[in-house]
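Data first, discussion second: the structure below is written as structure tokens.
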Ligand code: GTP
Ligand code: MG
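Here is the structure:
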């Protein structure tokens, strides 16, 4: 990732009361360079960085959040519902490339939120991620936000060629589209955590409004084997997922994560697939979308959302990436 330019002065760590040069240096050495980083960091990470106890770390984190509230970059803890409605108007949407999925999501992927796509292999999770990287760059009013994207690739499945193909099929300049996507290959769970901590360095300088994490849980599943490690795995995953969610909220970006499924042995009726990551991922994701194959088509379903109807949206994968199937193939016979 490129180095960030100097943070604007109002976000300098030492503008916070109680943060002197020594604390500032320790935080910076741990990759916490601005007040935005400090507000998105977990208290445990702050405690480790500065070598202070948890209560002091929580205090520091709160100071950073308070400062962001003063700077109007974060909503206060107590907020009038009318003000919250005004704030929520700042939420933007990015088209997925399929009108059917956009309708399902209420207009596209939301910023200030984390959207999870889960489903079996080949269900289209990575294809949705690739398509979104091009769509977010379209101008406002045309489905995008005229913004850049970050793609965190944990499985080595990111393909710039595929994005070039999608961009061209959609009449966009492939080179320009690729130049606004920052890719980070995460080799293990610790590396993945480090990359997410460093996101602040690329989000503002590159005008990023979309952060993809494909996939969220795979490294944790591979590294923490056996029942005995489950508690630690879930704890690490919980910290990590919250860091990503806070990043989405502080920067008002759309976070999109993918997740595999595993068979639930206790299911006797219906679909036995369950997303991995258990309650941690379920509770951190703002929206969860289940993808499955249906012949040549794919079906997306919004899961557990109090705000959306539970219904299916049919889509397909073609040279445009995610696309709507021709009318006749979705019409009910
Ligand atoms: P896993 O990561 O293995 O869990 O699966 P996934 O859900 O990420 O699947 P992915 O999004 O990679 O979807 C794979 C499917 O996308 C393939 O089965 C193809 O149907 C389709 N696909 C992938 N690449 C292309 C392409 O270049 N052109 C077209 N038309 N379809 C493609
Ligand atoms: Mg994939």
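In my numbering, the protein residues as written are 661 to 993. The beta carbon of each residue, even a glycine, is placed where N, CA and C say it ideally should be. Keep in mind that this is a model prediction, so the values were computed, not measured.
Asked	Found
If you follow the alpha helix (DSSP H) that residue 704 is in, where does it begin and where does it stop?	703-710
For residue 786, verify whether its CB is less than 6 Å away from any heavy atom of the ligand SAH.	In the structure shown, the ligand SAH is absent; the only ligands present are the ligand GTP and the ligand MG.
Using only the alpha-carbon positions, how far apart do residue 912 and residue 956 sit?	36 Å
Measuring only from the beta carbon, is residue 978 closer than 6 Å to any heavy atom that is part of the ligand GTP?	yes
Where DSSP assigns a beta bridge to residue 841, which residues make up the other side?	809
In angstroms, rounded to a whole number, what distance separates the CA positions of residue 677 and residue 693?	16 Å
Residues in its own chain within less than 6 Å of residue 963 by CB, not counting five upstream and five downstream?	948, 950
Can you give the Cα-Cα distance for residue 876 and residue 856, rounded to whole angstroms?	11 Å
At which residues does the alpha helix (DSSP H) containing residue 904 begin and terminate?	890-911
Assign residue 726 to one of three DSSP states: helix, strand, or coil.	helix
Can you tell me whether residue 998 is buried or exposed? The criterion is at least 16 other CB atoms within 10 Å of its CB, across all chains shown.	Past the boundaries of the shown model lies residue 998; the chain is included only from 661 to 993, so the question cannot be answered.
Name, in chain order, the residues that DSSP records as bridge partners for residue 962.	949
Is residue 679 helix, strand or coil when you go by DSSP?	coil
Could you spell out the range, first to last residue, of the alpha helix (DSSP H) harbouring residue 760?	759-764
Check each candidate in 771, 938, 987, 765 and name the one with the smallest Cα separation from residue 970.	765
Is there contact here, the stretch 668-684 with the stretch 827-842, by at least three beta-carbon pairs under 8 Å?	no
Could you give the distance in angstroms between the alpha-carbon of residue 945 and the alpha-carbon of residue 917?	9 Å
CA-CA distance, residue 710 and residue 733?	25 Å
Thinking C-beta only, is residue 889 closer than 7 Å to residue 852?	no
Locate the beta strand (DSSP E) running through residue 695, then write down its first and last residues.	Segment 695-700 is the alpha helix (DSSP H) holding residue 695; no beta strand (DSSP E) there.
For the beta strand (DSSP E) holding residue 778, just list the boundary residues, first then last.	773-779
Quick one: what's got a C-beta closer than 6 Å to residue 691's C-beta in the same chain, skipping five residues either side?	857, 858
By Cβ distance below 7 Å, which residues in the same chain neighbour residue 727 in space, the five residues on each side in sequence not counted?	676, 695
Check whether the Cβ atoms of residue 771 and residue 914 sit closer than 7 Å, and answer yes or no.	yes
Less than 6 Å between the CB of residue 758 and some heavy atom of the ligand GTP, yes or no?	no
Determine the direct distance from the alpha carbon of residue 958 to that of residue 708, and round the result to whole angstroms.	45 Å
Contact between the stretch 747-756 and the stretch 771-790 is defined here as three or more beta-carbon pairs at a separation below 8 Å; is this criterion met?	yes
State the beta-bridge partners of residue 887 as determined by DSSP.	Paired residues: none, contrary to the question.
Determine which residues share a DSSP beta bridge with residue 753 and list them.	770
Could you check whether the Cβ of residue 783 sits closer than 6 Å to any heavy atom belonging to the ligand GTP?	yes
Using only the alpha-carbon positions, how far apart do residue 745 and residue 886 sit?	45 Å
Are the Cβ atoms of residue 984 and residue 759 separated by less than 7 Å?	yes
So what's residue 848 in DSSP terms, helix, strand or just coil?	coil
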